[in-house]
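So for the sequence shown, the UniProt record's numbering puts the first residue at 1; every next one is plus one.
All residues carry an ideal CB built from backbone N, CA and C; glycine is no exception.
As the structure is a computational prediction, the values presented were derived from the model and not from experiment.
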Amino acid sequence: MGTGTLALPYASERGGLAFNAFGLFAIGAWDYHIPVGLTVLDALMLSLFIGLVVAYEAAMSSFVSGTSLTTGSSGLDLLLPNTIVIALSCAPDVGWLGNFSGIGLLALAMSFVIISWRGFAENGFVGFSDSPWSSLGLWPESISDASSWFGVAVFSYGVAPFVFNFRDSMNDPRCVGSAVRTGLLLVYVGYIIMSNGIRILFSPSHVFDGDVLQAMPNSGISMYVRLLMTFVVVLTTPLVVVPCGELIEGKLGMVDADDSGDGGGGGQRQRRRSLAPKRILVRVVICLSCIAFSVNVPNGFVNLVSFIGCFCGATTGFVLPPLFRLKLSTGGKCWPECLCDVGALVLAVVATSITSALTFRELIGKVAR
């Protein structure tokens, strides 16, 4: 649960109330029950990592630019928050960053409490009392709308591709199953409130064609929420930069002695100290590269989130699981199970291809305008 929640009302707007509720549950169930496989394709994972960091950088730029603290330059606006991001990204592993996750969730909750309060101040319970089920729509009106919803939903969950990275960094990796199950259930309930609930609340006065902060007026409260969400992104981004750095470091041979199975004691500590500057350099380069790319991204955070979710997130979370099941269980399963995997693979490839093309076209349209 993180920055993708800002686009959930937009997803509900494009997908419809009922489709959004059922769809969020289905994606959460898929992330829990469908195994990702023993390995992942490094190129796809790297593209997912980079795409997420770019989206977070674009979000921070959008948040800061809407306040009186903006310098007028996206690059300069990102300088201060990324100083903190880079410092946190030098953490030894994802588990160490878990100390800050509670703070980030608290800041996110405070942001949506303020947003909800603003909605009640404007509209009261009018949106809930005027039969929103018929006026707001229950299902997407086009394939393009469904694609936009799909990308935001996949991006917002973001569990399946990361579950093994988080498992390896847990104190007790055996608890990952129960942790993911409980977490997904709580996240689903929260997402329904943040998407359908916020959309219905603001329905008399606002239609979501962008992130939820666009419904906030230009005031001190709006600036406070934007700064609060910038803080949330600052704490979230290192959770992606660290595993991205570990992936690149592994390819470059920068592995601790305990990870490679040789050495120990003083030699291991000495190797860690010698690798520390190189690891810091890798993670700094990742952050700076994503900043440079994000400043050239069109001002459409929800469109970028939709495309990354459809292409990167869906490829790693929907296409790879049935593919790996087929590759890893050849000869060990009966034909009905293989047929089920083939069907899931074909469906995932078709859905990912269509939704990626449609959301990319919408993103490019933002550039043209």
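Terminal residues of the alpha helix (DSSP H) in which residue i lies
i: Phe-208; result: First-last for Phe-208: undefined, no H or E at that position.
i: Glu-57; result: 42 to 65
i: Pro-81; result: 79 to 89
i: Asp-145; result: 143 to 157
i: Pro-9; result: 8 to 15
i: Leu-201; result: 198 to 202
i: Ser-127; result: According to the sequence as given, residue 127 is Gly; it is not Ser. Start and end: 126 to 129.
Top-ranked residue by Cα proximity to residue i, from the options
i: Met-45; options: Thr-355, Leu-184, Leu-339, Gly-313; result: Gly-313
i: Leu-363; options: Ala-344, Gly-309, Lys-327; result: Gly-309
i: Gly-124; options: Pro-238, Ile-200, Asp-211; result: Ile-200
i: Pro-217; options: Val-53, Leu-17, Gly-66; result: Gly-66
i: Ser-219; options: Ile-115, Ala-18, Leu-320; result: Ile-115
i: Leu-247; options: Ser-12, Phe-25, Ser-47; result: Ser-47
i: Met-254; options: Ser-274, Phe-120, Leu-105; result: Ser-274
i: Glu-141; options: Cys-90, Leu-24, Gly-16, Val-54; result: Gly-16
i: Leu-213; options: Pro-92, Phe-112, Val-53, Ala-357; result: Phe-112
i: Gly-245; options: Thr-316, Gln-270, Val-53; result: Val-53
Cβ neighbour criterion (16 or more within 10 Å) applied to residue i
i: Gly-28; result: buried
i: Ile-103; result: exposed
i: Phe-128; result: exposed
i: Val-189; result: exposed
i: Thr-39; result: Unreliable placement is indicated for Thr-39, whose pLDDT of 45 sits below 50; no coordinate value is reported for it.
i: Pro-35; result: Legend: pLDDT at Pro-35 = 49, less than 50; position of this residue unreliable, no value from coordinates given.
i: Pro-336; result: exposed
Whether residue i touches residue j by CB criterion (8 Å)
i: Ser-222; j: Arg-14; result: no
i: Phe-49; j: Val-240; result: yes
i: Ile-286; j: Leu-78; result: no
i: Leu-8; j: Tyr-157; result: no
i: Val-234; j: Ile-84; result: yes
i: Asp-211; j: Phe-301; result: yes
i: Phe-63; j: Val-305; result: no
i: Gly-75; j: Val-295; result: yes
i: residue 382; j: Val-152; result: This structure cannot speak to residue 382, because the chain is shown only from 1 to 369.
i: Thr-182; j: Leu-108; result: no
i: Trp-139; j: Ala-26; result: no
i: Val-242; j: Ala-348; result: no
Handout entry: Length at least 4, wholly inside the region 206 to 252: the alpha helix (DSSP H) runs in chain order
Key = 220 to 236, 238 to 251
Exercise for the section: At 3 residues or longer, and completely inside the region 295 to 368: list those beta strand (DSSP E) runs for me, N to C. Expected result: none
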